[in-house]
Amino acid sequence: MNLYFLVEGTQSERKVYPAWLAYLLPELQRVDNCDDVTQKNYYLISGEGYPSLYNFIPPAIAEINSNGKYSYFVVCLDAEENTVAELTTEIDDFLNEQKLKLNNAELVLIFQNRCLESWLLGNRKIYSRNPQNKPLLDYTKYYDVSVNCPENMGRYQDFNTHAHFHGAYLRALFEAKNITYYKKRPGDVLKPFYLEQLLTRIQLQPDQLTTFRQFIDFCNKIKTKLQN
Numbered sequence: 089m090n091l092y093f094l095v096e097g098t099q100s101e102r103k104v105y106p107a108w109l110a111y112l113l114p115e116l117q118r119v120d121n122c123d124d125v126t127q128k129n130y131y132l133i134s135g136e137g138y139p140s141l142y143n144f145i146p147p148a149i150a151e152i153n154s155n156g157k158y159s160y161f162v163v164c165l166d167a168e169e170n171t172v173a174e175l176t177t178e179i180d181d182f183l184n185e186q187k188l189k190l191n192n193a194e195l196v197l198i199f200q201n202r203c204l205e206s207w208l209l210g211n212r213k214i215y216s217r218n219p220q221n222k223p224l225l226d227y228t229k230y231y232d233v234s235v236n237c238p239e240n241m242g243r244y245q246d247f248n249t250h251a252h253f254h255g256a257y258l259r260a261l262f263e264a265k266n267i268t269y270y271k272k273r274p275g276d277v278l279k280p281f282y283l284e285q286l287l288t289r290i291q292l293q294p295d296q297l298t299t300f301r302q303f304i305d306f307c308n309k310i311k312t313k314l315q316n
């Protein structure tokens, strides 16, 4: 079994997904070239953002069909200002319009609602219980991510998009702990303990971080297949 990952982001996703896959699916080994897969491998590339990600889908499907060794084509992208349902329809329409079809592999869509940083806000250990400084104090009064689902958080005041606000909130939480988060340098996000806290969140509150849970469910499905 081999997996072909196309992630939207150019920075954090290219680092975070491999780090998480090493923890969740240690049986899989990453390859640098799509044709290097044999068994229990995965290949990962960036779609260089949205909407340029769509330019990468046709050649990716062509490579998967030509290679013949891939079981899954996994596309990971931010929901951003859309709903998951709207993006699903958008991708389905694109595939139909371009007459794109996978011969033997299965398409899996992983939506980050609203973005990867929304998932990362689910780690309660990074939350300051009594924030005193702005802007974290203002963000917390607006929406407490330690209690409420980060995926459902709106857009605060002058932020242009949900993703910009969610990213700013995450950086403010990190700064309150005297650590940093940058898309180019995700830092602690790449460490097993961070992922473990997200897993704990969805175990304790199964109604939260719905799209993150879908990613975990997919990984658990692959793990079962690999072990059988």
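In the numbering used here, the protein residues as written are 89 to 316.
C-beta atoms are modelled at their ideal positions from N, C-alpha and C, and glycine is treated no differently.
Asked                                                                                           : Found
L194 - containing beta strand (DSSP E), residue span                                            : The sequence given here has Glu at residue 194, not Leu. Per DSSP, E194 belongs to the beta strand (DSSP E) from 194-200.
Test item: CB-CB of L204 and V125 under 8 Å                                                     : no
Local Cβ density within 10 Å of L209, reported as buried at 16 or more and exposed below that   : buried
Rounded distance between the beta-carbons of W207 and F300, thought under 8 Å                   : 5 Å
Simplified DSSP assignment, three categories, for D123                                          : helix
Length of the line joining the Cα atoms of E178 and D166                                        : 13 Å
Cβ-based burial, G97 [other Cβ within 10 Å; buried from 16]                                     : buried
Own chain, CB closer than 6 Å to W108, minus 5 neighbours either side, in chain order           : L283
Pair within 8 Å by beta-carbon distance, P84 and A148                                           : Residue numbering for the chain in the displayed model covers 89 to 316; residue 84 lies beyond these limits and cannot be assessed.
Beta-carbon spacing of P146, L188 below 8 Å                                                     : yes
Proximal residues to Y231 (C-beta, below 6 Å), its chain only, five neighbours per side dropped : M241
Local conformation of I133 per DSSP, three classes                                              : strand
Opening and closing residue of the beta strand (DSSP E) in which L165 lies                      : 160-166
Cα-Cα separation, E136 to L292                                                                  : 35 Å
Reduced DSSP category for Q285 - H, G, I as helix; E, B as strand; rest coil                    : helix
Three-way DSSP call (helix, strand, coil) for Q117 in this model                                : strand
Beta-bridge pairing of Y230 - partner residues as DSSP gives them                               : Paired residues: none, contrary to the question.
Beta-carbon gap between F161 and Y131 smaller than 8 Å                                          : no
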